[in-house]
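Contents: one structure, followed by commentary.
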DNA sequence: CGGGGCTCCTGTGCGC
DNA sequence: TGCGCACAGGAGCCCC
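Numbering (our numbering), first residue to last: 1 to 266.
Shown next, in the form of structure tokens:
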């Protein structure tokens, strides 16, 4: 479940360790992970190239290579990038010319790797809404004005705003004191403003703490992120709200579990 | 175009 | 104790 803060953390971690390295060999232990081009072409094209830059768009990790092309990685639910790696359980392993290995681990095989000429032309990227940190409140307000769904589903809608997933949608709404089922149109201007501020605050704090390690997410070093200890509602079904002590509830929205406090969130 | 529901996967944790 | 099954959720897709 890497979301924006986790992918940002991985990007930052990787920048410290693999920029400038030359890819010597690519091991496709599970070729299914490679979505474009064919696994054979993917492997052959990558070998010999250097990693020039690493950046992030939404939950997508993008490596700029020395031939001007781009390696994109989406970790989906259970993807991990570990360096230095070398695990037998990795799905894809990238070995650099110094012998060190970057492992792409992915228990559930939802992850997707691509080698493309222009990452901006990916259909996935074209459908993405803006980055939260690029928005002003007036942008956000204008975006909300057109929407009719509940606020939780909208925060997770990557075509509306990109990078927020199930954990941070819940945490943002708790801090904004807004119930997840609220329709967007029912929110007051003050609530929209609080929501906007809390979105940026929660995401930046999570980045500062290296992301949330629940289930599979780990940093590139293999160590957990530190933000889960700041979670107020996610994965706390039946436990007492830190603010009002009433039990945290869980409902399903759009097929996803939503944790919230009935008393604090209105 | 929007929203609901299914799908891809597999490890975990629950109930019987 | 062990088995079977629901469940976890990011994003694409189909359908109405």
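Beta carbons are placed, not taken as given, at the ideal position from N, Cα and C, and that holds for glycine.
Starting from residue i, trace the alpha helix (DSSP H) both ways and give me its first and last residue.
i	result
residue 194	189–208
residue 243	Here residue 243 belongs to no alpha helix (DSSP H), and DSSP marks it neither H nor E.
residue 11	4–17
residue 151	151–156
residue 175	166–176
Here's a check: name, in chain order, each residue in its chain whose Cβ is nearer than 7 Å to the Cβ of residue i, leaving out the five neighbours to either side.
i	result
residue 64	52, 53 and 70
residue 159	127, 128 and 129
residue 184	144, 147, 148, 149, 151 and 154
residue 43	26 and 28
residue 117	69
residue 162	58, 128, 129, 130 and 131
Can you tell me the Cβ-Cβ gap for residue i and residue j, rounded? I've got them flagged as a contact below 8 Å.
i	j	result
residue 192	residue 131	That pair is no contact at about 18 Å.
residue 72	residue 114	5 Å
residue 204	residue 230	With 8 Å as the limit, residue 204 and residue 230 do not qualify as a contact, their Cβ atoms being about 12 Å apart.
residue 58	residue 4	7 Å
residue 137	residue 196	5 Å
residue 171	residue 233	7 Å
residue 198	residue 228	The pair is not a contact, with the Cβ atoms about 18 Å apart (cut-off 8 Å).
Starting from residue i, trace the beta strand (DSSP E) both ways and give me its first and last residue.
i	result
residue 28	23–28
residue 260	256–260
residue 252	249–253
To which residues of the same chain is residue i closer than 6 Å at the C-beta, ignoring the five residues directly before and after it?
i	result
residue 180	152, 173, 258 and 260
residue 240	none
residue 110	76 and 77
residue 39	28 and 31
residue 66	49, 50 and 52
residue 14	54 and 220
residue 112	35 and 74
Please go through the same chain and pick out, in chain order, the residues whose beta-carbon is closer than 8 Å to the beta-carbon of residue i, but skip the five residues on each side of it.
i	result
residue 96	18, 21, 22, 23, 24 and 102
residue 156	164, 165, 166, 169, 254 and 256
residue 238	247 and 248
With three or more C-beta pairs closer than 8 Å as the rule, is the region 242–253 touching the region 206–220?
Between the region 206–220 and the region 242–253, the count of C-beta pairs closer than 8 Å stays below three; the two stretches do not touch.
Pairs of beta-carbons, one from the region 74–83 and one from the region 101–115, closer than 8 Å: are there three or more?
Proximity of the region 74–83 to the region 101–115 meets the contact definition, three or more beta-carbon pairs being nearer than 8 Å.
Count the C-beta pairs between the region 28–45 and the region 88–102 that are closer than 8 Å, then say yes if the count reaches three, no if not.
Taking one beta carbon from each stretch, the region 28–45 and the region 88–102 have 3 or more pairs nearer than 8 Å; the two touch.
Is the region 219–228 close to the region 1–10, with three or more CB pairs under 8 Å?
Touching, per the Cβ criterion.
Which runs of the alpha helix (DSSP H) spanning at least 4 residues fall entirely within the region 80–138, listed in chain order?
123–126, all fully within the region 80–138.
Completely contained alpha helix (DSSP H) runs for the region 36–78, where each covers 4 or more residues
Counting only runs of at least 4 residues, the region 36–78 fully encloses the following alpha helix (DSSP H) elements, listed from N- to C-terminal order: 39–46.
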